[in-house]
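Asker: I have a structure I would like to understand better, so I am pasting it below and will then ask my questions one at a time.
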Amino acid sequence: MITVRMFQGLLITMAMLLSPVWCVAGETVTNTAADNPLNVTTQASVLLTPVRCVALHQGQVCYQRIQISWSSAQAGDYCIYVDTQAQPLQCWQAQIQGSFSYEFASAQSQQFQLQNAQQQLLAETTMEVAWVYKSNTRRKTHWRLF
Numbered sequence: 002m003i004t005v006r007m008f009q010g011l012l013i014t015m016a017m018l019l020s021p022v023w024c025v026a027g028e029t030v031t032n033t034a035a036d037n038p039l040n041v042t043t044q045a046s047v048l049l050t051p052v053r054c055v056a057l058h059q060g061q062v063c064y065q066r067i068q069i070s071w072s073s074a075q076a077g078d079y080c081i082y083v084d085t086q087a088q089p090l091q092c093w094q095a096q097i098q099g100s101f102s103y104e105f106a107s108a109q110s111q112q113f114q115l116q117n118a119q120q121q122l123l124a125e126t127t128m129e130v131a132w133v134y135k136s137n138t139r140r141k142t143h144w145r146l147f
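Per the working numbering, the sequence shown starts with residue 2, numbered consecutively.
And the structure:
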């Protein structure tokens with residue numbers, strides 16, 4: 002007989018096992034001439050691996066080590082920013098590509114952005130936060146006699 006705790010444990014295990022299946026490349030947005038008033042286009046991309054973090058319950062902080070990689074067609078000074086912080090996570094000088102590991106911890110999805118030395122947005126992608134169970138406003142009480 003499967004109890005509720007065993008079922009929850011199975012769901013958590015399945016979510017952890019399937020997490021690598023969800024590790025597809027993150028979508029990126031590249032800068033185009035229409036976005037740039039100086040008509041300086043730089044083909045750039047940002048890639049997150051994995052792109053989704055799964056928490057047990059809605060609203061809980063999700064913890065995941067992610068690999069952030071970027072590339073650009075032109076060598077230059079670039080920084081990776083997260084939308085919740087003013088300071089860059091990591092910067093590179095005179096590079097066309099880079100990558101680093103980041104300890105993601107958030108209850109909400111966050112955007113990661115690649116910016117050049119002039120702080121122009123070149124590419125961005127989103128780390129999605131999902132959950133196994135939605136939060137219930139009312140918790141059900143189950144009574145057992147034995």
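Each residue gets a CB set at the ideal place from its N, CA and C atoms; glycine is no exception. Only a predicted model underlies this, so the values are computations on that prediction, with no experimental measurement involved.
Beta carbon of residue 100, beta carbon of residue 129: below 7 Å?
Answerer: Translated into the one-based positions of the sequence shown, residue 100 becomes position 99. Translated into the one-based positions of the sequence shown, residue 129 becomes position 128. It is not a contact, given that the beta carbons lie outside the stated cut-off.
Asker: Just to confirm my understanding: we take residue 95, look at its own chain, exclude 5 residues before and 5 after, and list those with CB closer than 8 Å. What are they?
Answerer: As a working note, residue 95 is residue 94 in the sequence shown. Setting aside the 5 residues that flank it on each side, residue 95 is surrounded in the same chain by 76, 77 and 78, each with a C-beta closer than 8 Å to its C-beta; the list follows chain order.
Asker: Helix, strand or coil: which one does DSSP assign to residue 62?
Answerer: Taking the sequence shown and counting its residues from 1, one reaches residue 62 at position 61. Coil at residue 62, not helix or strand.
Asker: Beta carbon of residue 56, beta carbon of residue 124: below 7 Å?
Answerer: Here residue 56 refers to the residue found at position 55 of the sequence shown. Here residue 124 refers to the residue found at position 123 of the sequence shown. Taking 7 Å as the Cβ cut-off, residue 56 and residue 124 do not qualify as a contacting pair.
Asker: Starting from residue 131, trace the beta strand (DSSP E) in both directions and tell me its first and last residue.
Answerer: The count along the sequence shown starts at 1 and reaches residue 131 at position 130. Where residue 131 is concerned, the enclosing beta strand (DSSP E) stretches over 122-134.
Asker: Please name the residue or residues paired with residue 118 in a DSSP beta bridge.
Answerer: Counting from one through the sequence shown, the residue named residue 118 turns up at place 117. Paired residue(s): none; residue 118 is not in a bridge.
Asker: What is the DSSP secondary structure of residue 84, counted as helix, strand or coil?
Answerer: Taking the first residue of the sequence shown as 1, we reach residue 84 at position 83. In the three-state reduction of the DSSP assignment, residue 84 falls in the coil class.
Asker: When you compare only the Cα positions, how much space is there between residue 98 and residue 90?
Answerer: Translated into positions along the sequence shown, residue 98 becomes position 97. Translated into positions along the sequence shown, residue 90 becomes position 89. Using only the alpha carbons, I get a separation of about 15 Å.
Asker: Taking a contact to mean a Cβ-Cβ separation below 7 Å, would you say residue 116 touches residue 80 in this structure?
Answerer: Position 115 of the sequence shown holds residue 116. Position 79 of the sequence shown holds residue 80. Result yes, Cβ atoms of residue 116 and residue 80 sit closer than 7 Å.
Asker: When you compare only the Cα positions, how much space is there between residue 104 and residue 63?
Answerer: Along the sequence shown, one-based indexing puts residue 104 at 103. Along the sequence shown, one-based indexing puts residue 63 at 62. If I take the Cα positions, the gap works out to 10 Å.
Asker: Under a three-way DSSP split, which group does residue 111 fall into?
Answerer: Position 110 of the sequence shown, counted from the start, is the residue given in the question as residue 111. The answer is strand: DSSP assigns residue 111 an E or B state.
Asker: Grouping DSSP H, G and I as helix and E and B as strand, with all else coil, what is residue 145?
Answerer: Here the question's residue 145 lines up with position 144 in the sequence shown. Residue 145 falls in the coil class under three-state DSSP.
Asker: Using DSSP with H/G/I as helix, E/B as strand and the rest coil, what is residue 52?
Answerer: In the sequence shown, residue 52 corresponds to position 51, counting from 1. Coil at residue 52, not helix or strand.
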